[in-house]
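Engineer:
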Amino acid sequence: MQVNSDPAAPQPRLAGHALVEALMAQGIDTVFGVPGESYLAVLDGLHEHHERIRFIACRHEGGAAFMADAQGKLANWPGVCFVTRGPGASNAAIGLHTAFQDSTPMVMLVGQVASDQRDREAFQELDYRQVFGPGTLGMAKWVGEVEHADRLPEYVARAFHTAMQGRPGPVVLVLPEDMLTTPTAAPVLPRAQPALSWPAPGALRELRTLLLAAQRPLVILGGSCWSAESTRAFERFAEAWQLPVACAFRFQDSFDNRHAQYVGDLGTGVNPKLAARVREADLVLAVGVRLGEMTTGGYQHLVPPRPAQRLVHLHPGPEELGRVYAADLLLQASMACAGQALQTLDAPASVAWRAWTEAVHADYEANLVAPAVEPLDMAVIVKTIQRLVPQDTVYTNGAGNYSNWLHRYTRYPGRQWHGRTQLAPTSGAMGYGVPAAVAASLLYPDRTVINLAGDGDFLMTGQELATAAAFGAGRGRGKLVSVVVDNGSYGTIRMHQEREYPGRVSGSDLTNPDFAALARAYGWRGTTVERTAQFEPAFAEAMAADGPSLIHVRLDTDVISPRTTIRAIREAARKA
Numbered sequence: 002m003q004v005n006s007d008p009a010a011p012q013p014r015l016a017g018h019a020l021v022e023a024l025m026a027q028g029i030d031t032v033f034g035v036p037g038e039s040y041l042a043v044l045d046g047l048h049e050h051h052e053r054i055r056f057i058a059c060r061h062e063g064g065a066a067f068m069a070d071a072q073g074k075l076a077n078w079p080g081v082c083f084v085t086r087g088p089g090a091s092n093a094a095i096g097l098h099t100a101f102q103d104s105t106p107m108v109m110l111v112g113q114v115a116s117d118q119r120d121r122e123a124f125q126e127l128d129y130r131q132v133f134g135p136g137t138l139g140m141a142k143w144v145g146e147v148e149h150a151d152r153l154p155e156y157v158a159r160a161f162h163t164a165m166q167g168r169p170g171p172v173v174l175v176l177p178e179d180m181l182t183t184p185t186a187a188p189v190l191p192r193a194q195p196a197l198s199w200p201a202p203g204a205l206r207e208l209r210t211l212l213l214a215a216q217r218p219l220v221i222l223g224g225s226c227w228s229a230e231s232t233r234a235f236e237r238f239a240e241a242w243q244l245p246v247a248c249a250f251r252f253q254d255s256f257d258n259r260h261a262q263y264v265g266d267l268g269t270g271v272n273p274k275l276a277a278r279v280r281e282a283d284l285v286l287a288v289g290v291r292l293g294e295m296t297t298g299g300y301q302h303l304v305p306p307r308p309a310q311r312l313v314h315l316h317p318g319p320e321e322l323g324r325v326y327a328a329d330l331l332l333q334a335s336m337a338c339a340g341q342a343l344q345t346l347d348a349p350a351s352v353a354w355r356a357w358t359e360a361v362h363a364d365y366e367a368n369l370v371a372p373a374v375e376p377l378d379m380a381v382i383v384k385t386i387q388r389l390v391p392q393d394t395v396y397t398n399g400a401g402n403y404s405n406w407l408h409r410y411t412r413y414p415g416r417q418w419h420g421r422t423q424l425a426p427t428s429g430a431m432g433y434g435v436p437a438a439v440a441a442s443l444l445y446p447d448r449t450v451i452n453l454a455g456d457g458d459f460l461m462t463g464q465e466l467a468t469a470a471a472f473g474a475g476r477g478r479g480k481l482v483s484v485v486v487d488n489g490s491y492g493t494i495r496m497h498q499e500r501e502y503p504g505r506v507s508g509s510d511l512t513n514p515d516f517a518a519l520a521r522a523y524g525w526r527g528t529t530v531e532r533t534a535q536f537e538p539a540f541a542e543a544m545a546a547d548g549p550s551l552i553h554v555r556l557d558t559d560v561i562s563p564r565t566t567i568r569a570i571r572e573a574a575r576k577a
């Protein structure tokens, strides 16, 4: 290769080093991963530039991918995950799937066997285009493989553009080992700037006509990559039109939960009154959401393909619009523009549904009242946490019935105040909460991060407590606390078993360790709580401690959700 005589031009360096430079050009200063022999040249590049970009070495690729997803959610910019070939990529698939279903921008970089060994089923070889197959039901928006070192910066730029364009999501970039060790003088490309879309003026006028004709409208709000200004603008639109606003499944931080027009979230453990209100509505304005199974109550609140309610669907991805529902009006808009676009609609002096909005909000307020439970009351615990933490606290969780208490009783501020404050998988992935909390604490050390995890959920990725200890998570001004709810059961599965096959328990019982002792073994502070009165002093001590803390909460298996018990489910099933 001829050396460029221009001193300002990049000189030949290993493509693995050029990749690190390309990531820095995209504004990346932290990447997550598990080291692998397939990308040693990249690891060397990270060593070369360690003062500008850090590599967080995780304990499992699934944890690393979850951390990159959390990074993408918090930053509104692609999180980055490095994994090695074959088993490493397979382990990371859960995080990739979560990013796809959550519409989180993410770039996963995967080592590959050397190009002269391809198609021989070489050691750990996989065809990643087949494995992660892009498409509307795949795990990635795009899967690309870099065959020539000189084109590496081009592929990196395309990966970031693709992750951010339209509906955000994950992309996979495959890196053959020999390509990474090839010298290249290719220059890195500028930071990606995603093109933004705005609804057509005529479509906005049609939306205004539909709103003026409504008697019982309701907004379902969610989606990723909202800007603070767009969030503020949407709130002004909702206020001007006095619209009741519900948040989609695990997008509760899309709208200020303390607002007089907030009416609750749609998802698992939904308020039955809110579910009924959606069915009673004569106009549903879905903004930023996919209208998936969880948000629509198994497609029963809104019945496809043509719901009984008039439906307006605004979404950044044209491929999503009209895919499931034949809506009355389809609007394409980037979420960074959606609020401003809607705010242009002139509201009338008065609306016909003011009493409707007040009634739906009253349903939400009533749902915050919980009957006392002894000896340990999860509603009180969640409310205690929120009372004792800063307003910009980030809450994380994975999958399981325990999360219903968090969703029901936590009141999230809107994203205009602090950005994302809720990190949770709409994919229903167990094990998400701990890695997401570790990532949030490392990326934003001045913010407090609270993880609520079930016992089954926690042990999926609990080893990432070691990552937190190794890189100093929870040792800044912000605190890092994990609350493990231990009911000795895969609670969600047990609940469904009791409904379908009462009393016939199979495979859902768990034998657990002493979680507090396990935390101490990882270098965390560990405490056990068995009664409601014990929790507040234990949590206050965790918030005052230097370093991360875990509180092991022992909950009776019978207390299966905020709304019912195992005993009540079993009796109802037997009577039926």
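Mapping the sequence shown onto our numbering, position 205 (from 1) lands on 206, and the numbers just tick up by one.
Even glycine gets a Cβ: it sits at the ideal position worked out from N, Cα and C.
What is the rounded straight-line gap between the Cα of H316 and the Cα of A276?
Structural biologist: Indexing the sequence shown from 1 puts residue 316 at position 315. Indexing the sequence shown from 1 puts residue 276 at position 275. Looking at the two C-alpha atoms, the distance is approximately 22 Å.
Engineer: I'd like to know if the segment 346-365 and the segment 237-245 are in contact, where contact means that at least 3 CB-CB pairs between them fall below 8 Å.
Structural biologist: yes
Engineer: Measure the C-alpha to C-alpha separation of A577 and I494 and round it to an integer number of angstroms.
Structural biologist: Numbered from 1 along the sequence shown, position 576 holds the residue referred to as residue 577. Numbered from 1 along the sequence shown, position 493 holds the residue referred to as residue 494. Their Cα atoms are separated by approximately 20 Å.
Engineer: Measuring only the C-alpha atoms, how far is E531 from A348?
Structural biologist: Translated into the one-based positions of the sequence shown, residue 531 becomes position 530. Translated into the one-based positions of the sequence shown, residue 348 becomes position 347. Spanning the two alpha carbons is a distance of roughly 53 Å.
Engineer: Should D103 be counted as a contact of the ligand PLP given a C-beta to heavy atom distance under 7 Å?
Structural biologist: The ligand PLP is absent from the structure shown, which contains no ligand whatsoever.
Engineer: Could you work out which residue in P154, K142, V189 is closest to P1 when comparing CA atoms only?
Structural biologist: A question about residue 1 goes unanswered here, because the residues of the chain that appear run from 2 up to 577.
Engineer: Within the same chain, show all residues whose beta-carbon is closer than 6 Å to that of V381, passing over the 5 residues directly before and after it, in chain order.
Structural biologist: Along the sequence shown, read from residue 1 onward, the residue named residue 381 stands at position 380. Correct list, in chain order: T533.
Engineer: With a CB to CB cut of under 8 Å and the five nearest residues on each side skipped, what residues in its chain are close to R568?
Structural biologist: Walking along the sequence shown from the start, residue 568 turns up at place 567. Closer than 8 Å at Cβ, skipping near neighbours: D559.
Engineer: State yes or no: is the C-beta of A522 within less than 8 Å of the C-beta of A71?
Structural biologist: If you number the sequence shown from 1, residue 522 lands on position 521. If you number the sequence shown from 1, residue 71 lands on position 70. It is not a contact, given that the beta carbons lie outside the stated cut-off.
Engineer: By DSSP, does Q3 sit in helix, in strand, or in coil?
Structural biologist: Translated into positions along the sequence shown, residue 3 becomes position 2. Low confidence applies to Q3: its pLDDT is 45, below 50, so where it sits in the model is not reliable, and the reading given next is rough at best. Of the three classes helix, strand and coil, the one that applies to Q3 here is coil, per DSSP.
Engineer: Alpha helix (DSSP H) containing L41: first to last residue?
Structural biologist: In the sequence shown, the residue the question calls residue 41 occupies position 40. From DSSP, the alpha helix (DSSP H) with L41 extends over 41-49.
Engineer: Could you name each continuous beta strand (DSSP E) segment of 3 residues or more that falls completely within the segment 170-255, going from the start of the chain to the end?
Structural biologist: 171-177, 218-222, 246-248
Engineer: Considering only C-alpha positions, which residue in the set S116, F516, Y413, L312 is nearest to R251?
Structural biologist: Here residue 251 refers to the residue found at position 250 when the sequence shown is read from its first residue. Answer by Cα proximity: Y413.
Engineer: If you pair each beta-carbon of the segment 172-184 with each one of the segment 314-330, do three or more pairs fall below 8 Å?
Structural biologist: Per the Cβ contact rule, the segment 172-184 is not in contact with the segment 314-330 (fewer than 3 Cβ pairs under 8 Å).
Engineer: Between the alpha carbons of A115 and D128, how many angstroms are there, rounded?
Structural biologist: As a first step, residue 115 must be located in the sequence shown, where it is residue number 114. As a first step, residue 128 must be located in the sequence shown, where it is residue number 127. In a straight line, the C-alpha of A115 is about 13 Å away from that of D128.
Engineer: Just reading off the alpha helix (DSSP H) that N452 is part of, what are its end residues?
Structural biologist: The residue you call residue 452 lines up with position 451 of the sequence shown. No alpha helix (DSSP H) holds N452; the beta strand (DSSP E) holding it covers 450-455.
Engineer: Please state if the CB of Q341 and the CB of S231 are separated by a distance shorter than 8 Å.
Structural biologist: To locate residue 231, count along the sequence shown from 1; it is residue 230. To locate residue 341, count along the sequence shown from 1; it is residue 340. The answer is yes: Cβ separation under 8 Å.
Engineer: Can you name, in chain order, every residue of its own chain whose Cβ lies under 6 Å from the Cβ of R307, other than the five neighbours on each side?
Structural biologist: The residue labelled residue 307 in the question sits at position 306 within the sequence shown. Only A327 meet the Cβ criterion.
Engineer: State buried or exposed for M2, treating a residue as buried only when at least 16 other CB atoms are found within 10 Å of its CB.
Structural biologist: Position 1 of the sequence shown, counting from 1, holds the residue named residue 2. Low per-residue confidence applies at M2: pLDDT is 43, beneath 50, and the placement is therefore not dependable, though the value from the model is reported in the following sentence. Looking at its Cβ environment, which holds fewer than 16 other Cβ atoms inside 10 Å, M2 is exposed.
Engineer: Measuring alpha carbon to alpha carbon, tell me which of A545, P79, P514, A66 ends up nearest T449.
Structural biologist: The count along the sequence shown starts at 1 and reaches residue 449 at position 448. Nearest option by C-alpha distance: A545.
Engineer: Less than 8 Å between the C-beta atoms of L208 and L292, yes or no?
Structural biologist: One-based indexing of the sequence shown puts residue 208 at position 207. One-based indexing of the sequence shown puts residue 292 at position 291. No, they are not a contact pair.
Engineer: So, helix, strand or coil for T566, using DSSP?
Structural biologist: Counting from one through the sequence shown, the residue named residue 566 turns up at place 565. T566 falls in the coil class under three-state DSSP.
Engineer: Sort T512, L466, E501 by Cα distance to R526 and report the nearest one.
Structural biologist: Stepping through the sequence shown from its first residue, residue 526 is reached at position 525. Ranked by Cα distance from R526, the first of T512, L466, E501 is L466.
Engineer: Give the single residue among R476, P319, V271 whose Cα lies nearest to the Cα of R564.
Structural biologist: Taking the first residue of the sequence shown as 1, we reach residue 564 at position 563. Residue V271 is the option with its Cα nearest to R564.
Engineer: Which partner residues does F540 have in the DSSP bridge list?
Structural biologist: As a working mapping, residue 540 is identified with position 539 in the sequence shown. Beta-bridge pairing by DSSP links F540 to no other residue.
Engineer: Please go through the same chain and pick out, in chain order, the residues whose beta-carbon is closer than 8 Å to the beta-carbon of A441, but skip the five residues on each side of it.
Structural biologist: Taking the sequence shown and counting its residues from 1, one reaches residue 441 at position 440. So the qualifying residues of the chain are A71, L75, V395, T397, L424, R448, V450.
Engineer: When you compare each of A469, A574, T566, L389 to S550 by their alpha carbons, which one comes out closest?
Structural biologist: Walking along the sequence shown from the start, residue 550 turns up at place 549. It is A469.
Engineer: With DSSP run on the structure shown, which of helix, strand or coil describes E321?
Structural biologist: Locating residue 321 in the sequence shown gives position 320, counting from the first residue. DSSP, reduced to helix, strand and coil, places E321 outside both helices and strands of the structure shown, so it counts as coil.
Engineer: Check whether the segment 75-88 and the segment 20-32 are in contact - that is, three or more C-beta pairs closer than 8 Å.
Structural biologist: yes
Engineer: Sort G34, V374, A309 by Cα distance to R278 and report the nearest one.
Structural biologist: Mapped onto the sequence shown, residue 278 falls at position 277. Distance check between R278 and each of G34, V374, A309 places A309 closest, using alpha-carbon atoms only.
Engineer: Please classify E146: does DSSP put it in a helix, a strand, or coil?
Structural biologist: On the sequence shown, residue 146 is found 145 positions in, with the first residue counted as 1. Strand.
Engineer: Within 10 angstroms of the Cβ of Y156, are there 16 or more other Cβ atoms? Answer buried if so, exposed if not.
Structural biologist: Walking along the sequence shown from the start, residue 156 turns up at place 155. With 16 or more other Cβ atoms within 10 Å, it is buried.
Engineer: Using DSSP bridges, identify the partner residues of G527.
Structural biologist: The residue given as residue 527 occupies position 526 in the sequence shown. L551.
Engineer: From L44 to C59, what distance separates their C-alpha atoms?
Structural biologist: On the sequence shown, position 43 is the one that residue 44 refers to. On the sequence shown, position 58 is the one that residue 59 refers to. Roughly 14 Å between the two C-alpha positions.
Engineer: Rounded to whole angstroms, how far is the Cβ of T99 from the Cβ of V35, which I believe are closer than 8 Å?
Structural biologist: Your numbering for residue 99 matches position 98 in the sequence shown. Your numbering for residue 35 matches position 34 in the sequence shown. So it is not a contact: roughly 17 Å between Cβ atoms.
Engineer: Would you report the Cα separation of L369 and Y410, rounded to the nearest angstrom?
Structural biologist: Here residue 369 refers to the residue found at position 368 of the sequence shown. Here residue 410 refers to the residue found at position 409 of the sequence shown. Answer to the nearest angstrom: the Cα atoms are 6 Å apart.
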